[in-house]
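In UniProt numbering, the protein residues as written are 1 to 309. Below you'll find the structure, written out as structure tokens, and then a few comments.
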């Protein structure tokens, strides 16, 4: 059985540059973009979409936020024309901004609307959305609620892929950061849902670290979030891959520099490279100096190289 390992969608983190770096360490990992709102897709130029999302590739999934079925279908159609092939609907983000747009985790309280979105996309584009969800929302945190949502979607749409952040979320009272940590993990809910629906693809997200493969059990995949930001080598470590990180970083700097990005966008994916290890502060200062001094692209790698291992 092949276990899918994926990088979770994270605002201001899974930028095209961070994904480019992770891809060079891990060719087989499924990468998710930052969430992009459907209204943005339909109202900006393709050039702007390219800037936001980067270049399409087969193992990268565009996460879409929205609640208007027709608009989401249109956004998928636009992205398909640009070369994107895999799409995910955000039904798990609890932020106030997302709630005000009636999308994110609040959609789990409107399973009929979610089904309408999935079906509209499929009928108009042929694409089948996957869903990024929670195990519950507010007081609706029973296994029955979670099961009923999965059952309804799987029986009334072609959707069969669910990426589950194994925590409920509070739409009020907790900020997004607290919602990633305060509600307790409910891994057993996810194991049990897979047992009930063995034909569905179920991937586990939430609190997963380098030893993530040990908790897969009966599941189809695991999704890494914040720990990938803290440790860009996490996928290498999980897969026991023999990767030359000096070569990875060198190739990343060379390839990304061709796009002439602001130094901040180029360097931030590397900011935590030595986190938890010796010389972390020194390395971060070097990264900050490169950003502040607008160091020429051709000189960046030589400044980093002594600290890459």
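Glycine included, C-beta positions come from ideal geometry on N, C-alpha and C.
Buried or exposed by the 16-neighbour rule on C-beta atoms within 10 Å, applied to residue i
| i | result |
| --- | --- |
| residue 213 | exposed |
| residue 292 | exposed |
| residue 45 | exposed |
| residue 178 | exposed |
| residue 63 | buried |
| residue 123 | exposed |
| residue 294 | exposed |
| residue 211 | exposed |
| residue 148 | exposed |
| residue 231 | buried |
| residue 155 | exposed |
| residue 55 | exposed |
| residue 276 | exposed |
| residue 240 | exposed |
| residue 303 | exposed |
| residue 81 | exposed |
Opposing strand residues paired with residue i [DSSP bridges]
| i | result |
| --- | --- |
| residue 165 | 134 and 205 |
| residue 88 | 63 and 130 |
| residue 4 | 221 |
| residue 32 | 61 |
| residue 140 | 137 |
| residue 37 | 65 |
Cβ separation of residue i and residue j, assumed to be a contact under 8 Å, to the nearest whole Å
| i | j | result |
| --- | --- | --- |
| residue 166 | residue 206 | 4 Å |
| residue 95 | residue 176 | 5 Å |
| residue 17 | residue 261 | 7 Å |
| residue 121 | residue 76 | 5 Å |
Proximity below 9 Å, CB of residue i to CB of residue j
| i | j | result |
| --- | --- | --- |
| residue 69 | residue 113 | yes |
| residue 290 | residue 267 | yes |
| residue 162 | residue 201 | yes |
| residue 30 | residue 221 | yes |
| residue 34 | residue 49 | no |
| residue 150 | residue 197 | yes |
| residue 132 | residue 90 | yes |
| residue 312 | residue 204 | Because the chain is modelled from 1 through 309, residue 312 falls outside the range shown and cannot be assessed. |
| residue 36 | residue 53 | yes |
| residue 79 | residue 41 | yes |
| residue 13 | residue 216 | no |
| residue 111 | residue 67 | no |
| residue 58 | residue 85 | yes |
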